[in-house]
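Below is one structure, written out as C-alpha cells; comments come after it.
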Amino acid sequence: MLVNAKEMLDKAKAGKYAVGQFNINNLEWTKAVLLTSEELSSPVILGVSEGAGKYMCGFNTVVGMVNGMLETLNITVPVALHLDHGTYEGAYKAMNAGFSSVMFDGSHYPIDENIEKTTEIIAAAHGKGVSVEAEVGAIGGEEDGVVGGGEVADPAECKRIADLGVDMLAAGIGNIHGKYPANWAGLRFDVLDDIQKLTGAMPLVLHGGTGIPADMIKKAISLGVSKINVNTECQLTFAAATRAYIEEGKDLVGKGFDPRKLLAPGFEAIKATVKEKMELFGSIGKA
Ligand code: 13P
Numbered sequence: 009m010l011v012n013a014k015e016m017l018d019k020a021k022a023g024k025y026a027v028g029q030f031n032i033n034n035l036e037w038t039k040a041v042l043l044t045s046e047e048l049s050s051p052v053i054l055g056v057s058e059g060a061g062k063y064m065c066g067f068n069t070v071v072g073m074v075n076g077m078l079e080t081l082n083i084t085v086p087v088a089l090h091l092d093h094g095t096y097e098g099a100y101k102a103m104n105a106g107f108s109s110v111m112f113d114g115s116h117y118p119i120d121e122n123i124e125k126t127t128e129i130i131a132a133a134h135g136k137g138v139s140v141e142a143e144v145g146a147i148g149g150e151e152d153g154v155v156g157g158g159e160v161a162d163p164a165e166c167k168r169i170a171d172l173g174v175d176m177l178a179a180g181i182g183n184i185h186g187k188y189p190a191n192w193a194g195l196r197f198d199v200l201d202d203i204q205k206l207t208g209a210m211p212l213v214l215h216g217g218t219g220i221p222a223d224m225i226k227k228a229i230s231l232g233v234s235k236i237n238v239n240t241e242c243q244l245t246f247a248a249a250t251r252a253y254i255e256e257g258k259d260l261v262g263k264g265f266d267p268r269k270l271l272a273p274g275f276e277a278i279k280a281t282v283k284e285k286m287e288l289f290g291s292i293g294k295a
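If you count the sequence shown from 1, position 116 lands on 124 in my numbering, and the numbers rise without skipping.
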C-alpha cells in the first residue's frame with residue numbers, strides 16, 4: 009500500500025540520511041525502482057512529473073500500475089507516489105487520482121501568492137492524508153517543460169512556507185535539473201545552512217540530483233537535506249545500455265528484438281543507478 013512521504017522523511021531527517029525520489033517514465037522504470045528498493049530494504053519515492061503522467065496515459069493509469077506492482081511484486085518497503093513540480097490544478101488531480109504525495113511548485117508566483125496557493129493545497133492534501141512539498145527560489149534548467157531560472161531561495165521566505173505546515177521544502181540553492189555545465193558554481197551551502205537553521209526539523213529537498221558530486225551530496229545531507237530527486241541519470245544509463253545492446257547487434261540475434269530482451273539491459277542499468285544512489289544517500293536498510 010502506498011504511504012505518504014512524511015514519516016519516511018521525518019525519520020531520514022532525524023537519522024541524517026536522505027530518501028531518493030526516482031522519477032518514473034514507464035513500466036520498466038517503475039518495476040526497476042520498486043524491485044531495487046525492496047532488495048535493499050530502502051524507503052523510496054516514485055516521482056511523476058505532469059509530462060510523464062501524460063505520457064503514461066494520465067494519473068489514474070499511473071496509480072493503477074503502481075498499486076498493481078506493489079501487490080504483485082510483494083513490495084513491503086514504504087513507497088510514496090509523488091507528483092513532481094505540480095501545478096495548482098495538477099496537484100488536485102493527482103491527489104484525487106490516488107497519489108500519496110504532491111509537490112505544488114508555486115515558485116514562479118510572487119511569494120504571497122505562492123503562500124496562498126500552498127496553504128490551500130496543504131488543507132486539501134492533509135484532509136486526504138497526502139503529504140505536500142513546496143518550493144521557494146527555483147531549480148535551474150528544464151524538466152519536462154518546467155523551466156526554472158535558478159534563483160537562490162531567500163531563507164526568510166523558506167521559513168514562511170515551512171510555517172504553513174508543508175511536509176517537505178525544496179529550496180533553490182544553485183541546483184539544476186539535467187546535466188551540470190562545466191562552469192557550474194556548486195551548491196550554496198551557506199544558504200542551505202541558513203534555511204535549515206530557520207526551518208528546524210523540516211525535511212529539505214534537493215532537486216537536480218543527477219551529477220552532483222558525492223561529497224556535495226553528503227554535505228547537503230549533513231545540512232538537513234532528507235530527500236534527493238534523481239531523474240536524468242536513470243535516463244542516461246538506460247539510454248547507454250540500450251544503445252550498447254543495439255550497437256552490438258544483439259537485437260538481430262534470435263529473438264533479440266523481443267522488447268522483453270531489448271529493454272532488459274536498460275532495466276538493469278536503472279536498477280544499478282538506483283542502488284548506487286541509495287548507497288550514497290544512506291537509505292539502505294532504513295525501511
Ligand atoms: P535531475 O533530472 O537533474 O536528476 O533532477 C531530477 C529532479 O529534480 C526532479 O524534480
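Every residue gets a Cβ at the ideal spot worked out from N, C-alpha and C, and that includes glycine. Since the structure is predicted, the reported quantities are computational estimates derived from the model, not experimental observations.
At a cut-off of 7 Å, is residue i close to the ligand 13P when judged by its beta-carbon and the heavy atoms of the ligand?
i, result
"Gly59", "no"
"Thr240", "yes"
"Gly55", "yes"
"Thr218", "yes"
"Asn31", "yes"
"His185", "yes"
"Ile147", "yes"
"His93", "yes"
"His215", "yes"
"Glu284", "no"
"Asn237", "yes"
"Glu151", "yes"
Just how far apart, CA to CA, sit residue i and residue j?
i, j, result
"Val138", "Thr245", "32 Å"
"Gly61", "Ala142", "19 Å"
"Ala132", "Glu121", "17 Å"
"Thr240", "Val154", "14 Å"
"Leu212", "Ile254", "41 Å"
"Glu97", "Glu150", "20 Å"
"Ile130", "Ala99", "10 Å"
"Ala252", "Asp259", "10 Å"
"Gly194", "Glu46", "33 Å"
"Ile220", "Leu288", "11 Å"
"Thr95", "Ala40", "27 Å"
"Lys74", "Glu256", "Residue 74 is actually Val in this sequence, not Lys. Approximately 33 Å between the Cα atoms of the pair."
"Ala13", "Pro189", "31 Å"
"Phe265", "Ala222", "37 Å"
"Met176", "Pro163", "15 Å"
Based on DSSP bridge pairs, tell me the residues matched to residue i.
i, result
"Lys235", "Val27, Val213"
"Glu151", "Val154"
"Ser108", "None; Ser108 has no bridge partner."
"Val87", "Val52"
"Ser291", "Answer is none; Ser291 lacks a bridge partner."
"Ile130", "BP columns for Ile130 are empty, so no partner."
"Asp92", "Ser57"
"Met176", "Glu141"
"Ile184", "Gly148"
Let me check understanding here. Comparing Cα to Cα, which of the options lies closest to residue i?
i, options, result
"Gly293", "Glu143, Ser50, Ile32, Ala190", "Ser50"
"Asp92", "Leu81, Gly194, Gly114", "Gly114"
"Ile236", "Glu256, Glu46, Glu287, Ala26", "Ala26"
"Phe67", "Ile32, Ala179, Leu260", "Ile32"
"Asn34", "Pro189, Tyr63, Thr44", "Tyr63"
"Lys283", "Glu15, Ala13, Leu17, Thr44", "Thr44"
"Pro86", "Lys226, Phe30, Glu15", "Glu15"
"Gly23", "Lys279, Lys263, Gly232, Ala247", "Gly232"
"Thr127", "Asp171, Lys101, His116", "Asp171"
"Met210", "Met224, Val238, Arg168, Tyr188", "Arg168"
"Trp5", "Lys263, Met176, Gly216", "Residue 5 is absent from the model: the chain starts at 9 and stops at 295."
"Ala102", "Ile83, Leu81, Glu124, Gly72", "Gly72"
"Asp198", "Ser234, Met224, Ala190", "Met224"
Is residue i near residue j, with beta carbons less than 8 Å apart?
i, j, result
"His90", "Phe107", "yes"
"Cys242", "Thr281", "yes"
"Glu58", "Gly274", "no"
"Ala228", "Leu200", "yes"
"Ile181", "Arg196", "yes"
"Ala161", "Val140", "no"
"Glu276", "Ala295", "no"
"Ala20", "Ser230", "no"
"Gly156", "Gly148", "yes"
"Leu42", "Met77", "yes"
"Ile203", "Ala179", "yes"
"Ile53", "Ala88", "yes"
"Gly173", "Thr218", "no"
"Glu165", "Ala146", "no"
"Lys285", "Gly28", "yes"
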